[in-house]
Amino acid sequence: MLSTAARVTAVLELTWAQVDLDRLQINLRTPGAKTRKGRAIVPINNGLHAALIEARKAGISEFVVEWAGRKIRSIRKGLKSVGAAAGVDGVTAHVFRHTAAVHMAEAGISMSEISQYLGHSNTSITERVYARYSPTHLRRAADVLDFTQSINEKHDD
5 MLSTAARVTA VLELTWAQVD LDRLQINLRT PGAKTRKGRA IVPINNGLHA
55 ALIEARKAGI SEFVVEWAGR KIRSIRKGLK SVGAAAGVDG VTAHVFRHTA
105 AVHMAEAGIS MSEISQYLGH SNTSITERVY ARYSPTHLRR AADVLDFTQS
155 INEKHDD
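In structure tokens, the structure reads:
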């Protein structure tokens, strides 16, 4: 979920037919799915590629995420148990999507690219939620208010 920044439903519905290990991409769009939430086609990074190869070898159904050959319907209870064991409250599947987006923003990835990765139809929601995590967010505004530069330039004369 971290590597794809996908919503939990997209991950749980993901089939091997949507994973292209040769072209290194995952199509999170489910044909015929009735959802207003956007889904992207995302690249597969090296770590995810290795994990998917292992999962494919062990898989016994069409679903990427499965248990005993069956589709998993929810990971809510499992995440709650893991969170409790780790002493962390409030762990939900959406935390992974948010964490992925924040990591991209903190790395300086453009809001446009993050928006596309998340499957947003435009950048407005991405900017509203994640721009503040960007190291360049408001940097120009702060630089305009750096009056020491003007003062130093005057004293150098």
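When we follow the working numbering, the leftmost residue of the sequence shown carries the number 5, and every step to the right adds one. For each residue, glycine too, the CB sits at the ideal point set by N, CA and C. All of these numbers come straight from a predicted model, not from anything done at the bench.
| query | result |
| --- | --- |
| Strand pairing of Thr19, partner residues [DSSP] | Phe67 |
| Glu66 and Thr19 closer than 7 Å at C-beta | yes |
| Integer-rounded CB distance, given that Phe151 should sit under 8 Å from Met5 | With a Cβ gap of about 45 Å, Met5 and Phe151 do not count as contacting. |
| Inside the segment 75-109 only - alpha helix (DSSP H) runs reaching at least 4 residues | 80-90 |
| Contacting residues, own chain, Cβ-Cβ under 8 Å from Lys84 (five flanking each side not counted) | Val95 |
| Strand pairing of Asp24, partner residues [DSSP] | Gln29 |
| Cβ shell of Ala59 (< 7 Å), same chain only, five flanking positions each side left out | Val68 |
| Cβ contact (3+ pairs, closer than 8 Å) linking the segment 136-144 and the segment 106-119 | yes |
| Ile48, enclosing beta strand (DSSP E) - first and last residue | Counting along the chain, Ile48 falls outside any beta strand (DSSP E), and DSSP gives it neither H nor E. |
| Sub-7 Å separation of Leu28 and Ile48 beta-carbons | yes |
| Reference Leu52; option with closest CA among Ile30, Gly91 and Ala145 | Ile30 |
| Exposed unless 16 or more other CB atoms sit within 10 angstroms - verdict on Ile64 | exposed |
| Interface flag, Glu66 vs chain D, CB-CB below 7 Å | Among the chains in the structure shown there is no chain D, since it carries only a single protein chain. |
| Between the CA atoms of Lys41 and Ala105 - distance to the nearest angstrom | 16 Å |
| Ala55 beta carbon less than 7 Å from that of Tyr121 | no |
| Same chain only: Cβ atoms within 6 Å of Thr127, ignoring 5 sequence neighbours per side | Met115, Ser116 and Ser119 |
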